[in-house]
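Heads up: the structure comes next, in structure tokens.
Number of protein chains: 2
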Amino acid sequence: MGEFELIREYFARQPVRRADVAVGIGDDAAVLDPPAGCQLAVSADMLVAGVHFPQDTAPAAVGYKALAVNLSDLAAMGASPAWFTLNISLPRADSSWLEGFSGGLFALAGPYGLQLVGGDTTRGPLTVGIQITGFVPSGQALLRSGARVGDGIYVTGPLGDAALGLMGLQGGVSLSKAQRDHVIGRLERPVPRVREGAALRGVASACIDISDGLAADLGHVLAASGTGARIELEALPLSPVYQSLQEQVGWGPAVSGGDDYELCFTVPPSRQSRLKALADELGCRLWRIGAVEAQPGLRLIEPSGAMYRPNVPGFNHFSAP
Amino acid sequence: MGEFELIREYFARQPVRRADVAVGIGDDAAVLDPPAGCQLAVSADMLVAGVHFPQDTAPAAVGYKALAVNLSDLAAMGASPAWFTLNISLPRADSSWLEGFSGGLFALAGPYGLQLVGGDTTRGPLTVGIQITGFVPSGQALLRSGARVGDGIYVTGPLGDAALGLMGLQGGVSLSKAQRDHVIGRLERPVPRVREGAALRGVASACIDISDGLAADLGHVLAASGTGARIELEALPLSPVYQSLQEQVGWGPAVSGGDDYELCFTVPPSRQSRLKALADELGCRLWRIGAVEAQPGLRLIEPSGAMYRPNVPGFNHFSAP
Numbered sequence: 001m002g003e004f005e006l007i008r009e010y011f012a013r014q015p016v017r018r019a020d021v022a023v024g025i026g027d028d029a030a031v032l033d034p035p036a037g038c039q040l041a042v043s044a045d046m047l048v049a050g051v052h053f054p055q056d057t058a059p060a061a062v063g064y065k066a067l068a069v070n071l072s073d074l075a076a077m078g079a080s081p082a083w084f085t086l087n088i089s090l091p092r093a094d095s096s097w098l099e100g101f102s103g104g105l106f107a108l109a110g111p112y113g114l115q116l117v118g119g120d121t122t123r124g125p126l127t128v129g130i131q132i133t134g135f136v137p138s139g140q141a142l143l144r145s146g147a148r149v150g151d152g153i154y155v156t157g158p159l160g161d162a163a164l165g166l167m168g169l170q171g172g173v174s175l176s177k178a179q180r181d182h183v184i185g186r187l188e189r190p191v192p193r194v195r196e197g198a199a200l201r202g203v204a205s206a207c208i209d210i211s212d213g214l215a216a217d218l219g220h221v222l223a224a225s226g227t228g229a230r231i232e233l234e235a236l237p238l239s240p241v242y243q244s245l246q247e248q249v250g251w252g253p254a255v256s257g258g259d260d261y262e263l264c265f266t267v268p269p270s271r272q273s274r275l276k277a278l279a280d281e282l283g284c285r286l287w288r289i290g291a292v293e294a295q296p297g298l299r300l301i302e303p304s305g306a307m308y309r310p311n312v313p314g315f316n317h318f319s320a321p
Numbered sequence: 322m323g324e325f326e327l328i329r330e331y332f333a334r335q336p337v338r339r340a341d342v343a344v345g346i347g348d349d350a351a352v353l354d355p356p357a358g359c360q361l362a363v364s365a366d367m368l369v370a371g372v373h374f375p376q377d378t379a380p381a382a383v384g385y386k387a388l389a390v391n392l393s394d395l396a397a398m399g400a401s402p403a404w405f406t407l408n409i410s411l412p413r414a415d416s417s418w419l420e421g422f423s424g425g426l427f428a429l430a431g432p433y434g435l436q437l438v439g440g441d442t443t444r445g446p447l448t449v450g451i452q453i454t455g456f457v458p459s460g461q462a463l464l465r466s467g468a469r470v471g472d473g474i475y476v477t478g479p480l481g482d483a484a485l486g487l488m489g490l491q492g493g494v495s496l497s498k499a500q501r502d503h504v505i506g507r508l509e510r511p512v513p514r515v516r517e518g519a520a521l522r523g524v525a526s527a528c529i530d531i532s533d534g535l536a537a538d539l540g541h542v543l544a545a546s547g548t549g550a551r552i553e554l555e556a557l558p559l560s561p562v563y564q565s566l567q568e569q570v571g572w573g574p575a576v577s578g579g580d581d582y583e584l585c586f587t588v589p590p591s592r593q594s595r596l597k598a599l600a601d602e603l604g605c606r607l608w609r610i611g612a613v614e615a616q617p618g619l620r621l622i623e624p625s626g627a628m629y630r631p632n633v634p635g636f637n638h639f640s641a642p
């Protein structure tokens, strides 16, 4: 089967047809109608087999996660998803792999109203690059730079489960079947917090998604905002699976583990009363884990009051030996 | 050196700062202001080492070409370049490679007023994925589907040189130093026809860029338009280098060779008088090579009047054995 037929067969069967896509896949470029009164939020992420996921990962999980990490970036900006492009290289034209991959991709694209508008399919090592575009009302994007002293620091869900999933896959922790299913599900099928991000417009002063670990990602917010922070570790939301393993794994996965894709955001004192209503409206919980302080740096406080120092400042693709 | 420092060092030194980029590199997503009255043209292309270029290609040539092929897609739509994102995986954090690559990339981005607004840098096999966005006045994009019976078929420049460059690299043809420099220059440093594409808005009825070869790419136009065409091979523009080799290589590289990135476009009879003025204005030549016909299929006519049948219908990444 030829390249063009592959593209047509698997990627033209997408579930979403948006009215703002004047020309989709099949010309030299897509032609798109941006909405009036909005800015575009644009992000790109890449997954490489053997680096971001094991070579034998189920193709549906690869498709799902490739889109999920990009959706999570839009969530962190408070943007609503609209369009994406896909650059994919594959060792061979494997129709069962493409069937699974595109299924995983579109299973996520559908509910978020996200349309595939272009891309490239080529032979090569397995890599998946996505660029995503969303809309945000002009001037309302949630930036990293808006945290101010006195703001509360929040997260949208449990931390560290994805890191436990990776430890489980690598034999670094022993898990029951049920524990394993839970944490590997969180690793392979993170739920991008798109609704939460959009709802936080006008409420949060700064926002980021946790892809490289709480310490690293909150660190980016603090650096961009010119502030520091104090986090109470006992306030971190941990899943029942994490809690049952905490004696063994400590705080590391929750503080430094990546891939959870929860949002971490800051809220000024004047707007904190709106959070409760917002959580009720969303049907989700939001956890306050600390506060922004003037003193630079991130202070992680153990329940004993001692300062906790993470071993790993966050995942870094080029710092591994 | 860490991932983030790499990105900052090489990719934050770009030459272009656009007023419509509210937030560039450094947040979860860029925040961009699309212009009123325009549609967005969006395209994505990927280059893989060992597939699209030899592993030891000079990094500046890789950077240049990765952007050039995307610019060429915008040219084929008649769109003006604005923003791009870059997903790149590299076997190791090689600063001299990144220096060369980013130099080649920005050498092309600068003159086209194109700003890098985001992306991802990761460890992995050498692959470069770019998504590019341009602007086109609403309703004026040059589509593949607009060719009509009786339209003239044109190209913007010599065909087949890039294919001769590839043959030269692979030992398929023997070249003098000067010949080699010319055709490898055309292969590695194609000039995207952005000005020509924009000038063809309102003149061309259909347009495509020649990345997979004239026969294959014109074939896409004919298929999208529901028409056929007749091409006079003696009307094809060939470089002096090509002409000196033609006895040896025949019509193949000009008809089926990819990577030239000239535009192929159709013009209705009523607008053909405007082409001369347009070419003068652009300071370039435009070559008429044939005409759109009702009979489906592409007829390539040799100077003798015989029908020419290409051996290879166009480059296909997955059809090679």
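Line by line, the protein sequences are chains H and D.
Going by my numbering, the first sequence wraps up at 321, each residue one higher than the last.
Going by my numbering, the second sequence wraps up at 642, each residue one higher than the last.
All C-beta atoms in this analysis are idealised placements derived from N, C-alpha and C, irrespective of residue type, glycine included.
All values reported here derive from a predicted model rather than from experimental measurement.
At 7 Å on the CB atoms, spell out the chain H contacts of D:GLY611, in chain order.
To locate residue 611 of chain D, count along the second sequence from 1; it is residue 290. Simply none; closest approach about 20 Å.
With C-beta atoms as the reference, is D:THR548 less than 8 Å away from D:GLU614?
As a working note, residue 548 of chain D is residue 227 in the second sequence. As a working note, residue 614 of chain D is residue 293 in the second sequence. For D:THR548 and D:GLU614, yes; Cβs fall inside 8 Å.
How would you label H:MET1, buried or exposed, when you count the other beta carbons within 10 angstroms and need 16 or more for buried?
Indexing the first sequence from 1 puts residue 1 of chain H at position 1. Unreliable placement is indicated for H:MET1, whose pLDDT of 48 sits below 50; no coordinate value is reported for it.
Could you tell me which chain H residues have their CB closer than 9 Å to the CB of D:LEU464, listed as they occur along the chain?
For the purposes of this step, residue 464 of chain D is taken as the residue at position 143 of the second sequence. Chain H residues near D:LEU464: VAL23, ASP27, ASP28 and VAL31.
Looking at C-alpha atoms only, which residue of D:ARG620, D:ALA483, D:GLU568 and D:ALA612 is the closest neighbour of D:SER526?
Here residue 526 of chain D refers to the residue found at position 205 when the second sequence is read from its first residue. When each option's Cα is compared against that of D:SER526, the closest is D:ALA612.
Checking 8 Å against the spacing of the C-beta atoms, do D:ALA365 and H:ASP73 come in under that value?
Counted from its first residue, the second sequence places residue 365 of chain D at position 44. Counted from its first residue, the first sequence places residue 73 of chain H at position 73. No, the Cβ-Cβ distance between D:ALA365 and H:ASP73 is not below 8 Å.
Would you mind stating whether D:VAL352 and D:ALA400 have Cβ atoms separated by less than 8 Å?
As a working note, residue 352 of chain D is residue 31 in the second sequence. As a working note, residue 400 of chain D is residue 79 in the second sequence. No.
Less than 8 Å between C-beta atoms, sequence neighbours within five positions excluded: which residues of the same chain meet that for H:LEU71?
Taking the first residue of the first sequence as position 1, residue 71 of chain H is located at position 71. Hits under 8 Å: PRO81, LEU108, TYR112, LEU114, ILE132, PRO192 and VAL194.
Flag this pair as yes or no: are the beta carbons of H:LEU238 and H:PRO158 separated by less than 8 Å?
What you label residue 238 of chain H is simply residue 238 of the first sequence in a count that begins at 1. What you label residue 158 of chain H is simply residue 158 of the first sequence in a count that begins at 1. Their beta carbons are under 8 Å apart, which means H:LEU238 touches H:PRO158 by this criterion.
Could you list which residues in chain D have their beta carbon closer than 7 Å to that of H:PRO34, in chain order?
Within the first sequence, the letter at position 34 stands for residue 34 of chain H. The answer, in chain order, is PRO355 and LEU361.
Quick check for students: name the residue ranges of the alpha helix (DSSP H) that lie wholly in the segment 228-263 of chain H, counting only runs of 4 or more.
For the segment 228-263 of chain H, whole alpha helix (DSSP H) runs of length 4 or above, ordered along the chain, are 240-249 and 252-256.
When you compare the segment 374-382 of chain D with the segment 97-106 of chain H, are there three or more beta-carbon pairs, one atom per stretch, that lie closer than 8 Å?
With the cut-off at 8 Å, the segment 374-382 of chain D and the segment 97-106 of chain H do not touch.
Might you give, ordered along the chain, the residues of its own chain that have their beta carbon closer than 6 Å to the beta carbon of D:PRO589, omitting 5 neighbours on each side?
On the second sequence, position 268 is the one that residue 589 of chain D refers to. Within the same chain, D:PRO589 has close Cβ partners ASP472 and SER526.
Starting from D:GLY540, trace the alpha helix (DSSP H) in both directions and tell me its first and last residue.
Position 219 of the second sequence holds residue 540 of chain D. Its alpha helix (DSSP H) spans residues 535-546.
So, with DSSP's three-state summary, where would you put H:LEU86?
Numbered from 1 along the first sequence, position 86 holds the residue referred to as residue 86 of chain H. Here H:LEU86 sits in strand by DSSP.
Just tell me which of D:ALA396, D:PRO355, D:ALA381 and D:LEU388 has its CA closest to the CA of D:ALA519.
On the second sequence, residue 519 of chain D is found 198 positions in, with the first residue counted as 1. Nearest of D:ALA396, D:PRO355, D:ALA381 and D:LEU388 to D:ALA519, Cα basis: D:ALA396.
When burial is assigned at 16 or more other CB atoms within 10 Å of the CB, is H:SER225 buried or exposed?
Your numbering for residue 225 of chain H matches position 225 in the first sequence. Result: buried.
Count the other CB atoms within 10 Å of the CB of H:PRO321; is the residue buried (16 or more) or exposed (fewer)?
Translated into the one-based positions of the first sequence, residue 321 of chain H becomes position 321. Low local confidence applies: a pLDDT of 32 at H:PRO321 is under 50, so the model's placement there is unreliable, with the coordinate-based value given in what follows. That one is exposed.
What is the DSSP secondary structure of H:ALA178, reduced to helix, strand or coil?
Position 178 of the first sequence, counting from 1, holds the residue named residue 178 of chain H. DSSP places H:ALA178 in helix when its eight states are reduced to three.
Could you tell me whether any Cβ in chain D is nearer than 8 Å to the Cβ of H:SER89?
Translated into positions along the first sequence, residue 89 of chain H becomes position 89. Cβ-Cβ to chain D under 8 Å: yes for H:SER89.
Can you name, in chain order, every residue of its own chain whose Cβ lies under 8 Å from the Cβ of D:ARG630, other than the five neighbours on each side?
For this step, residue 630 of chain D is matched to residue 309 along the second sequence. Counting only Cβ-Cβ distances below 8 Å, and skipping sequence neighbours, we find LEU621.
Among residues of its own chain, excluding the 5 on either side of H:PRO35, which ones have a beta-carbon nearer than 8 Å to its beta-carbon?
Looking up residue 35 of chain H in the first sequence gives position 35. Closer than 8 Å at Cβ, skipping near neighbours: ASP20 and PHE135.
Report the neighbours of D:GLY440 on chain H: residues whose CB is nearer than 7 Å to its CB, in chain order.
Here residue 440 of chain D refers to the residue found at position 119 when the second sequence is read from its first residue. The contacting residues are ALA44.
Which of the three DSSP states is assigned to D:GLY481 in this structure?
On the second sequence, position 160 is the one that residue 481 of chain D refers to. Here D:GLY481 sits in coil by DSSP.
Evaluate the contact criterion for the segment 474-488 of chain D versus the segment 552-572 of chain D: three or more CB pairs, one atom per stretch, below 8 Å.
Yes, the segment 474-488 of chain D touches the segment 552-572 of chain D.
Can you pull the chain D residues whose beta carbon is under 7 Å from the beta carbon of H:GLN131, in chain order?
Against the first sequence, residue 131 of chain H aligns to sequence position 131. Chain D residues near H:GLN131: ALA365, THR406 and GLN452.
Could you pull out every residue in the same chain whose Cβ sits closer than 6 Å to the Cβ of H:ALA66, ignoring the five residues on either side in sequence?
On the first sequence, residue 66 of chain H is found 66 positions in, with the first residue counted as 1. Cβ neighbours of H:ALA66 beyond the five flanking positions: LEU47, VAL128 and ILE130.
Closest by CA to H:GLY110, which one among H:VAL149, H:SER138 and H:ARG18?
What you label residue 110 of chain H is simply residue 110 of the first sequence in a count that begins at 1. The residue with the shortest Cα to Cα distance from H:GLY110 is H:ARG18.
Output needed in chain order: residues of the segment 528-546 of chain D with a Cβ under 8 Å from some Cβ in chain H.
Going along the segment 528-546 of chain D in chain order, one finds CYS528, ILE529, ASP530 and ALA545 with a Cβ nearer than 8 Å to chain H.
Given D:ASP354, which residues of its chain have a CB within under 7 Å of its CB, disregarding the five upstream and five downstream residues?
Within the second sequence, residue 354 of chain D is the residue found at index 33, counting from 1. Excluding residues within five positions, the ones whose Cβ falls inside 7 Å are ASP341 and ALA343.
Grab me the residues of H:THR122's own chain with a C-beta within less than 7 Å of its C-beta, minus the 5 sequence neighbours each way, in chain order.
As a first step, residue 122 of chain H is located in the first sequence; it is residue number 122 there, counting from the start. Counting only Cβ-Cβ distances below 7 Å, and skipping sequence neighbours, we find SER89.
H:TYR112 lies in the beta strand (DSSP E); which residues open and close that run?
Mapped onto the first sequence, residue 112 of chain H falls at position 112. Segment: none, H:TYR112 is in no beta strand (DSSP E) and carries neither H nor E.
Count the other CB atoms, across all protein chains shown, that sit within 10 Å of the CB of H:ASP209; report buried if there are 16 or more and exposed otherwise.
Within the first sequence, residue 209 of chain H is the residue found at index 209, counting from 1. Classification of H:ASP209: buried, given that the 10 Å Cβ count is 16 or more.
Just the chain H side, please: which residues come within less than 8 Å of D:ASP394 by C-beta, in chain order?
As a first step, residue 394 of chain D must be located in the second sequence, where it is residue number 73. Within chain H, the residues near D:ASP394 are ASP28 and ALA29.
Using CA atoms only, rank isn't needed, just tell me which of H:GLU9, H:GLU232 and H:ALA223 is closest to H:GLY146.
Here residue 146 of chain H refers to the residue found at position 146 when the first sequence is read from its first residue. Cα-wise, what sits closest to H:GLY146 is H:ALA223.
Using the Cα positions of D:ASP533 and H:SER244, report the straight-line distance between them to the nearest angstrom.
By 1-based counting over the second sequence, the position of residue 533 of chain D is 212. By 1-based counting over the first sequence, the position of residue 244 of chain H is 244. If you take the alpha carbons of D:ASP533 and H:SER244, they lie about 57 Å apart.
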